[in-house]
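To keep things clear, I will list the structure first and then write my remarks on it.
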Amino acid sequence: MLGNRSSDNHTKPLLGTGDNINNYNLGEEERRWWRKWKEVLDVEEAKNQVLFSLPMIVANVSYYAIPLVSVMFAGHLGDLELAGATLANSWACVTGFDFTQGLSGALETLCGQGVGAKQYRVLGIYLQTSCIISCFFSIILSFLWFYTEPILILLHQAPNISEQAGLYMKYLIPGLFAFGFIQNFLRFLQTQSIVMPLVFCSALPLAIHFGIAYSLVHWTSLGFSGAPLACSISLWISTLLLAIYIHCSKKTNRTWEGLSFESFSVFLTNLKVALSSAAMVCNAGVTQLNSIQYHDLVSIYYFLECWSFDILVFLAGVMPNSERSTSLIAMCVNTHLWSQCCCKHKVSNELGAGMIDRAKNAMAVTLKLVVLLALIIDLALTFGHNIWAGFFADSQEIVQEFASMTPFLVISITFDTLQCILLGVARGCGWQHLAVWVNLATFYFIGMPLALLFGFKLNLHAKGLWIGLICGLAAQASSLFLIVLRRKFTNVDIAVSREKEVPLSI
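The sequence shown begins at 65 in this note's numbering and counts up by one.
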């Protein structure tokens with residue numbers, strides 16, 4: 065695979081031509097070693113991919129870490145508080161955060177078209193419209209969040225855990241509005257290839273969040289309620305930072321001209337695309353894959369996967385000793401998704417440029433980089449699982465049970481890392497429909513039934529649920545690998561991808 069590189073790469077080695085190597089008086093053994101090293105990893109391609117991905121990795125991990133840190137502070141108050149906070153966090157993702165993130169997907173399509181047509185002014189109009197839409201749906205979802213406790217009880221969750229989760233959700237409602245604005249701002253800036261400010265606007269609120277959460281939980285009478293309130297405050301800090309940057313930065317002069325009533329004139333157009341994108345949160349959207357746009361397909365893929373993790377948390381809530389089962393599964397889910405935020409990379413734009421050999425090389429380099437990162441995470445979990453579990457709870461029983469889950473968690477992270485890269489290849493080649501069907505089949509027709517079998521029928525409880533998930537991930541990675549292996553990187557596939565994607569570059 066690495067042999068299929070462009071002629072440019074052969075004529076311009078990283079450290080010069082063979083003559084230059086001879087000029088450095090390298091012996092035959094040293095030259096042979098250098099050639100083998102270049103066969104193992106294309107250093108120049110690896111450097112480019114790291115520089116490309118690092119800002120977005122930092123931003124994504126920071127935004128994911130803010131609610132996770134709140135869960136950690138709540139978890140140290142007791143086992144019941146940990147179970148309530150983790151259940152609430154999963155409920156918030158299923159019923160709110162995922163949906164508002166889906167609504168913002170409209171900006172990827174609309175702003176991308178605006179940039180392509182050089183109609184830069186419409187980007188600001190679409191941003192305002194998307195913010196109005198996000199605010200409207202956040203109001204509706206806030207009523208659902210307010211009545212979380214009776215809904216969870218209706219879903220057969222333990223009443224005491226449901227009570228804690230309901231209290232947590234009420235203080236998280238302001239954060240729902242902020243999260244919707246943040247997602248719109250991110251899409252608006254990304255389509256203009258502005259990514260470095262996102263690092264500052266996400267990492268700074270995360271750093272401040274530790275102090276806010278500690279103060280509200282331990283220095284005020286709020287206690288448990290202070291954790292979600294701190295999350296809401298930190299998300300609003302990030303929202304204000306992004307809004308100030310968009311308003312004041314010279315880089316957005318052409319795309320942001322201030323508030324305008326014109327945003328209402330494109331309201332229906334934006335709403336139609338936003339709802340299409342937000343259809344990712346329900347499986348019914350998969351029945352009309354042929355009419356769904358590219359970004360919607362990718363979103364459907366990720367959110368079908370995220371929903372499967374949240375389902376595990378709800379299944380843990382109906383097990384015996386639900387406090388411990390819910391906490392344990394939720395900790396594993398949070399750890400797994402955190403590693404996924406770190407390991408998600410995008411295959412190089414060589415696919416979009418029509419350079420098939422270089423695209424294959426980019427895929428190989430990306431695969432090696434992410435496997436290396438996953439290996440580091442796996443080793444850190446293997447040797448530091450007690451430290452990581454200690455961030456969530458003081459209970460030694462939960463820490464010990466998490467230690468027993470660590471081998472299964474390491475296996476799931478490994479399989480998930482592979483499927484993330486293979487999905488990137490499928491995205492670049494225009495195979496999104498196949499990827500979505502693979503996701504639906506492997507998670508919901510293989511992984512979930514096996515999780516129910518192992519968890520309830522065979523009484524393996526939390527381990528059984530996670531073993532079922534591993535089976536789904538293994539089937540998913542294997543299926544995607546066969547698709548990539550059997551199908552060719554053709555110009556037709558690449559042309560389809562280029563029509564539907566606006567590449568991001570730094």
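Where a beta carbon is used, it is the ideal one built from N, C-alpha and C, also for glycine.
Taking the Cα positions, T481 is about 15 Å away from S117.
Cβ atoms of L144 and Q256 stay farther apart than 8 Å, at about 46 Å.
Nearest to I189 by alpha-carbon distance, out of G160, T319 and A294, is T319. Comparing C-alpha distances from N248 to each of L524, K521, G166 and L439 shows the shortest one belongs to G166. Counting along the chain, Y184 sits inside no alpha helix (DSSP H), nor does DSSP assign it H or E at all.
Excluding the 5 residues flanking it on each side, Y309 has same chain C-beta neighbours closer than 6 Å at P261, in chain order.
Considered as a whole, the segment 271 to 327 harbours no complete run of any beta strand (DSSP E) with no fewer than 3 residues.
Taking a cut-off of 8 Å for Cβ pairs, the segment 286 to 300 and the segment 202 to 211 do not touch, as fewer than three such pairs fall below it. Our two residues, K182 and S198, have alpha carbons roughly 26 Å apart in a direct line. Between the alpha carbons of M136 and R550 lies a gap of roughly 44 Å. H282 is positioned such that its CB atom lies no closer than 9 Å to that of I130.
Burial is judged here by how many other beta carbons sit within 10 angstroms of a residue's own beta carbon; C312 has fewer than 16 and is exposed.
If the five residues before and after H449 are omitted, its C-beta is found closer than 7 Å to the C-beta atoms of F466, A467 and T470, all from its own chain and listed in chain order. Taking the Cα of F509 as reference, the smallest distance to any Cα among V125, F200, L537 and K527 is reached at L537. Between the alpha carbons of L522 and A515 lies a distance of about 10 Å. Under the three-state reduction of DSSP, T150 is assigned to helix.
A direct Cα-Cα distance of roughly 18 Å separates W501 from F479. Rounded to the nearest angstrom, the Cβ distance from S324 to Q192 is 7 Å, consistent with a contact under 8 Å. For A457, there is no enclosing alpha helix (DSSP H), as DSSP marks it with neither H nor E. Secondary structure at H449: helix, using DSSP grouped into helix, strand and coil.
Of the candidates A123, L141, S126 and H525, the residue whose Cα lies closest to the Cα of F455 is L141. By the beta-carbon neighbour count (other beta carbons within 10 angstroms, threshold 16), A271 is exposed. Here Y211 is exposed: its Cβ has fewer than 16 other Cβ atoms, across all protein chains shown, within 10 Å. Rounded to whole angstroms, the Cβ separation of G239 and S168 is 15 Å, and the two are not in contact under 8 Å.
Per DSSP, Q256 is not a residue of any alpha helix (DSSP H), being assigned neither H nor E.
Distance between N124 and F201, taken at the CA atoms: about 23 Å.
Scanning its chain for C-beta atoms nearer than 8 Å, with the 5 sequence neighbours on each side dropped, one finds around I246 the residues Y127, L299, S302, T303 and L306, in chain order.
A residue is called buried when at least 16 other Cβ atoms come within 10 angstroms of its Cβ; S279 does not meet this threshold and is exposed. Where G160 is concerned, there is no enclosing alpha helix (DSSP H), because DSSP gives it neither an H nor an E. The C-beta separation of A222 from A380 comes to about 11 Å, leaving the pair out of contact by the 8 Å criterion. In this structure, the straight-line span from the alpha carbon of V133 to that of I276 is close to 11 Å. DSSP places G519 in no alpha helix (DSSP H); its state is neither H nor E. CA-to-CA, the gap between T506 and A539 works out to about 6 Å. Between the alpha carbons of E108 and F163 lies a distance of about 38 Å.
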